[in-house]
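S.K.:
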Amino acid sequence: MVTVSKELQQTLQAAVGEARRRRHEYVTLEHLLHAMTKDKVASEVLLACGADLKLLERELEEYLDRTLESVAAGQDPEQTAAFQRVLQRAAWHVQGSGRTELNAGDVLVAITRERGSHAVYLLEKQGVRRLDILQYISHGVAKDGDESSGGAEGEGEGEEGAPRPVKDPFRTFTVNLVERAAQGHIDPLIGRDAEIERTIQVLCRRRKNNPVFVGEPGVGKTAIVEGLALRIHEKKVPAVLEKAAIYSLDMGALLAGTKFRGEFEQRLKGVIAGVKKTPHAILFIDEIHTIVGAGATTGSSMDASNLLKPALASGELRCIGSTTFHDYKQTFERDHALARRFQKIEVHEPSVEDTVKILRGLKKVYEEHHGVEYTPRALRAAAELSAKHINDRQLPDKAIDVLDEAGARDRMRPEARRHRRITGRDVERVVAKIAKIPERTVSADDQAQLRSLVPELRKVIYGQDQAIEAIASAIKLSRSGLASPEKPIGSFLFSGPTGVGKTELAKQLARILGVEFLRFDMTEYQEKHTVSRLIGAPPGYVGFDQGGLLTDAIRKTPYAVLLLDEIEKAHPDIYNLLLQVMDHATLTDNNGRKADFRHVVLVMTTNAGAHELAARRVGFGTDQSDPGNARNAIERTFTPEFRNRLDAWVAFDSLAPEVILRVVDKMVKELEGQLAEKKVRIELTAEGRAWLAEHGFDRKMGARPMARLIQNELKKPLAERILFGDLAAGGTVRVDVDAEGAKLVLTVLAPAPKPVPEPA
């Protein structure tokens, strides 16, 4: 059964009361519509459909005063047939839609069916149509601004689909940023003085006075425009811009609902006309690459960019745009006629120190929002840790997000447990959660980490103290601030026989420092054309729109240990490419984007000179190799300008017999970790340890033969026993040598009892 809502009951009573007050004989649709202008639900629908409630109410009162005659007092007004039909039709509509309550919106839809009434005439006069009301009630989609009526709606509903012009698209689809700044809705801009000055200079030009900001997402392109609006409000700009107003265009709203050809063009031309008519107006289009192709139909090249070009070139329309490097290259720059009308301003990621200054400036805003206090240590930790560990986003955006997240984390706690003070430790927890890394990696003290760097490396790298000292010294020099700020942390060339720990040292260094480990195998870059894989293909080649493997990796993870393995096998052009990396810590890809290598430890390994190092000196009383011959081999392989840019050439020694014993212990320990999952323990006797060291040692091949020996002599027999033999349920196995000392013997000491199978 259909019931009438409480609000609609009051509206119906108000309509009857209005007719009684005016001493009218009948309650008409005009009385009902007059009462509905004061109903909360109905007035919301009418406003959403573009009606002017005050004008509608005034016109209804004029109609009631002028048209309907008054009768004797004390007579109750009767409902007209149209009034009754509307209520009946609304009730049927509610029942048919499966609802049980009748409200003012349903009655308003039913009124529009009475096409001969003056109430419908007044609604159509204001552009309120049945389809608009239904769309708002069903989907919550409001009409696009105030629309001209264009006379009566027509006889059929099919005409409702025709394009309807918006009276003032400029006001409808733009937001005045200077007004938002006056209302306090814009955060202050910290720094970026050079970009602001360049923007003002471009805006003051006579023609082509249109700057476009190009930078990675999150570096603050939109913030610069908002900061300019704030400066205009505060009168901190040159006199030529004091009266300027920046209007931000909402491209999504401009495109939304444009179902028919001509609607989008009509709206955009209305926006352009509004900017031209408004004195000192500046149009801001965020993600400006979206105007290329926007609104174009099949077989037509008329899009938003082509509509803007004439006004942009003449200087009648001043426009500020913003986009990313990728979209600028991929979309915007390809339209040369559009790109030449804009002046490109690159917005680069700020440094950590600049980010700290930005956070200090924004600190008060976030403190007021979250009801907390940020310590100076928290601000610095947010900048430093986000730069180091959050690699898929840019400063200052990611640092601001970390602060915001830390404040929200405290705010969501129960009132009694809130700290209301955000410290560096709170920021570390947030960064660890965002970067998905252990908290201990983030919170490791930098000084303690550097102090223990050499001992930690010696625990895992054996017999290469010279290499460890060289690389540790370079890192300490960089962290102390005494190294050149325009070079990588260190550029090293590791040479020596295979299997002595060159690659392993780079891996362990990245692990201890808590940074990414990037490895490029130079055997894949032996041909001349493979250079383009590192920095991107040149124009005209397949893959030009994509970046290079090396530049993209460093831009994504600027804090890293970069290993170029087997560098002597790379094409000589790659050596030339690395010169600017070692000298200026930058590398430019095919799209003009620079990768920053200032926080990278560059390690290159080579086997050049390994043969000379393995050769013995001629003479008595010595068992050492001659490093002079190895140096000659390095000089023959690498050019002088390449060698001159290295921080150190580190010659790895062949592993000594006493070092091999430590390698045995390390590999057996790794095996024990694997066996622990199978509940198997291993006991290695001194004789077995010595046998492995003797048979796994090869001065020329390093530690790799040891890995093969352990696999053949230990892992394979153990695998058979674990799968099918007496170690299937676990146990303890002793590794010893047979009586002749020819091979290893594996003896199971205490096999675990086999589990009793459960009855079926």
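In this text, residue positions in the sequence shown follow my numbering: the first is 21, and each later residue adds one.
Even for Gly, the Cβ is constructed at its ideal location relative to N, Cα and C.
I think residue 508 touches residue 620, with their Cβ atoms under 8 Å apart; what is that distance to the nearest whole Å?
M.R.: If you number the sequence shown from 1, residue 508 lands on position 488. If you number the sequence shown from 1, residue 620 lands on position 600. Rounded, the Cβ-Cβ distance is 5 Å, consistent with contact.
S.K.: Quick check for students: name the residue ranges of the beta strand (DSSP E) that lie wholly in the region 535-574, counting only runs of 3 or more.
M.R.: Those beta strand (DSSP E) runs which fall completely within the region 535-574 and span 3+ residues are 536-541.
S.K.: Could you pull out every residue in the same chain whose Cβ sits closer than 6 Å to the Cβ of residue 170, ignoring the five residues on either side in sequence?
M.R.: Taking the first residue of the sequence shown as position 1, residue 170 is located at position 150. A caution first: residue 170 carries a pLDDT of 36, below 50, which makes its placement in the model too unreliable to give a value.
S.K.: Suppose you measure from the CA of residue 28 to the CA of residue 110; what does that come to, to the nearest Å?
M.R.: Numbered from 1 along the sequence shown, position 8 holds the residue referred to as residue 28. Numbered from 1 along the sequence shown, position 90 holds the residue referred to as residue 110. Cα-Cα distance, rounded: 12 Å.
S.K.: Is it right to say residue 112 is buried, meaning 16 or more other beta carbons lie within 10 angstroms of its own, or is it exposed?
M.R.: The residue given as residue 112 occupies position 92 in the sequence shown. Result: exposed.
S.K.: Which residue from 566, 590, 265 puts its Cα closest to that of residue 249?
M.R.: Position 229 of the sequence shown, counted from the first residue, corresponds to residue 249. Nearest option by C-alpha distance: 265.
S.K.: Beta strand (DSSP E) containing residue 471: first to last residue?
M.R.: Mapped onto the sequence shown, residue 471 falls at position 451. That residue, residue 471, is in no beta strand (DSSP E); its alpha helix (DSSP H) goes 466-471.
S.K.: In the DSSP assignment, find the beta strand (DSSP E) that holds residue 585 and state where it starts and stops.
M.R.: Numbered from its first residue, the sequence shown carries residue 585 at position 565. 580-585 is the extent of the beta strand (DSSP E) around residue 585.
S.K.: Contact check, residue 142 vs residue 80 under 8 Å by CB: the rounded distance?
M.R.: Locating residue 142 in the sequence shown gives position 122, counting from the first residue. Locating residue 80 in the sequence shown gives position 60, counting from the first residue. At roughly 7 Å, the Cβ-Cβ gap stays under 8 Å, so residue 142 and residue 80 are in contact.
S.K.: Per DSSP, what kind of secondary structure is residue 393 in: helix, strand or coil?
M.R.: Taking the first residue of the sequence shown as position 1, residue 393 is located at position 373. Reduced to three states, the DSSP call for residue 393 is strand.
S.K.: Taking 8 Å as the line, does the beta carbon of residue 484 fall inside it for any heavy atom of the ligand ATP?
M.R.: Of ligands this structure carries none, so the ligand ATP is not represented either.
S.K.: So, using beta-carbon positions, are residue 503 and residue 546 closer together than 9 Å?
M.R.: For the purposes of this step, residue 503 is identified with residue 483 of the sequence shown, where counting begins at 1. For the purposes of this step, residue 546 is identified with residue 526 of the sequence shown, where counting begins at 1. No, these two residues do not count as a Cβ contact at 9 Å.
S.K.: Contact between the region 709-722 and the region 554-562: three or more CB pairs below 8 Å?
M.R.: The answer is no - the region 554-562 does not touch the region 709-722, with fewer than three Cβ pairs under 8 Å.
S.K.: Is it true that the CB of residue 484 sits closer than 9 Å to the CB of residue 520?
M.R.: As a working mapping, residue 520 is identified with position 500 in the sequence shown. As a working mapping, residue 484 is identified with position 464 in the sequence shown. Cβ atoms of residue 520 and residue 484: closer than 9 Å.
S.K.: To the nearest angstrom, how far is it from the Cα of residue 419 to the Cα of residue 375?
M.R.: Within the sequence shown, the letter at position 399 stands for residue 419. Within the sequence shown, the letter at position 355 stands for residue 375. Cα-Cα distance, rounded: 8 Å.
S.K.: So if DSSP puts residue 267 in a beta bridge, which residue, or which two residues, is it bridged to?
M.R.: Your numbering for residue 267 matches position 247 in the sequence shown. Paired residue(s): 196, 303.
S.K.: Taking residue 140 as part of the alpha helix (DSSP H), name the residues at either end of that continuous run.
M.R.: The sequence position of residue 140 within the sequence shown is 120, counting from 1. Counting along the chain, the alpha helix (DSSP H) containing residue 140 begins and ends at 138-145.
S.K.: Let's test the definition: count the other Cβ atoms within 10 Å of the Cβ of residue 269 and tell me whether it reaches 16, buried, or not, exposed.
M.R.: Position 249 of the sequence shown, counted from the first residue, corresponds to residue 269. So residue 269 ends up on the buried side.
S.K.: Going by the beta-carbon positions, is the gap between residue 662 and residue 598 smaller than 9 Å?
M.R.: Translated into the one-based positions of the sequence shown, residue 662 becomes position 642. Translated into the one-based positions of the sequence shown, residue 598 becomes position 578. Their beta carbons are under 9 Å apart, which means residue 662 touches residue 598 by this criterion.
S.K.: Taking just the CA atoms, how far does residue 615 sit from residue 675?
M.R.: By 1-based counting over the sequence shown, the position of residue 675 is 655. By 1-based counting over the sequence shown, the position of residue 615 is 595. Each residue's Cα considered, the two are about 38 Å apart.
S.K.: In whole angstroms, give me the CA-to-CA distance for residue 131 and residue 106.
M.R.: Stepping through the sequence shown from its first residue, residue 131 is reached at position 111. Stepping through the sequence shown from its first residue, residue 106 is reached at position 86. Each residue's alpha carbon lies about 6 Å from the other.
S.K.: Output the distance between the C-alpha atoms of residue 34 and residue 101, rounded to the nearest integer angstrom.
M.R.: For the purposes of this step, residue 34 is taken as the residue at position 14 of the sequence shown. For the purposes of this step, residue 101 is taken as the residue at position 81 of the sequence shown. Computed Cα separation, rounded: 19 Å.
S.K.: If distances are taken between C-alpha atoms only, which option among 723, 736, 668, 679 comes closest to residue 786?
M.R.: Summary: the structure shown does not reach residue 786, with the chain confined to residues 21 through 780, and so no result is reported for it.
S.K.: For residue 602, count neighbouring C-beta atoms within 10 Å of its own C-beta (all shown protein chains included) and say buried if the count is 16 or more, exposed if not.
M.R.: Position 582 of the sequence shown, counted from the start, is the residue given in the question as residue 602. Buried, because 16 or more other Cβ atoms sit within 10 Å of the Cβ of residue 602.
S.K.: Taking the continuous beta strand (DSSP E) assigned at residue 363, which residues delimit it?
M.R.: For the purposes of this step, residue 363 is taken as the residue at position 343 of the sequence shown. First-last of the beta strand (DSSP E) with residue 363: 363-366.
S.K.: Between residue 526 and the rest of its own chain, which residues show a CB-CB distance below 6 Å, the 5 nearest in sequence each way excluded?
M.R.: Here residue 526 refers to the residue found at position 506 of the sequence shown. 581, 583, 623.
S.K.: Return the chain-ordered ranges of every alpha helix (DSSP H) run that is complete within the region 705-762 and spans a minimum of 4 residues.
M.R.: For the region 705-762, whole alpha helix (DSSP H) runs of length 4 or above, ordered along the chain, are 706-715, 724-730, 736-744.
S.K.: Verify whether the separation of the beta carbon atoms of residue 409 and residue 452 is less than 9 Å.
M.R.: Translated into positions along the sequence shown, residue 409 becomes position 389. Translated into positions along the sequence shown, residue 452 becomes position 432. Yes.
S.K.: Can you find at least 3 beta carbon pairs, one from the region 240-255 and one from the region 270-280, that sit closer than 8 Å?
M.R.: At 8 Å Cβ cutoff, the stretches do not touch.
S.K.: Contact check, residue 372 vs residue 404 under 8 Å by CB: the rounded distance?
M.R.: Residue mapping note: residue 372 aligns to position 352 of the sequence shown, counting from 1. Residue mapping note: residue 404 aligns to position 384 of the sequence shown, counting from 1. The Cβ separation is near 6 Å, so the contact holds.
S.K.: State buried or exposed for residue 261, treating a residue as buried only when at least 16 other CB atoms are found within 10 Å of its CB.
M.R.: What you label residue 261 is simply residue 241 of the sequence shown in a count that begins at 1. Result: buried.
S.K.: Find the nearest neighbour of residue 540 within the set 532, 556, 523, 528, judged by alpha-carbon distance.
M.R.: Looking up residue 540 in the sequence shown gives position 520. Nearest option by C-alpha distance: 523.
S.K.: Applying the 10 Å Cβ sphere with the 16-neighbour rule, what's the burial state of residue 528?
M.R.: Taking the sequence shown and counting its residues from 1, the one referred to as residue 528 is at position 508. Answer is buried; the Cβ neighbour count reaches 16.
S.K.: Considering only the alpha carbon of each residue, which of 94, 95, 89, 58 lies closest to residue 77?
M.R.: Within the sequence shown, the letter at position 57 stands for residue 77. If we check each option's Cα against that of residue 77, 58 comes out closest.
S.K.: Candidates 658, 650, 356: which alpha carbon is nearest residue 673's?
M.R.: Walking along the sequence shown from the start, residue 673 turns up at place 653. The option with the nearest alpha carbon to residue 673 is 650.
S.K.: Helix or strand or just coil, what does DSSP make of residue 686?
M.R.: Here residue 686 refers to the residue found at position 666 when the sequence shown is read from its first residue. Of the three classes helix, strand and coil, the one that applies to residue 686 here is helix, per DSSP.
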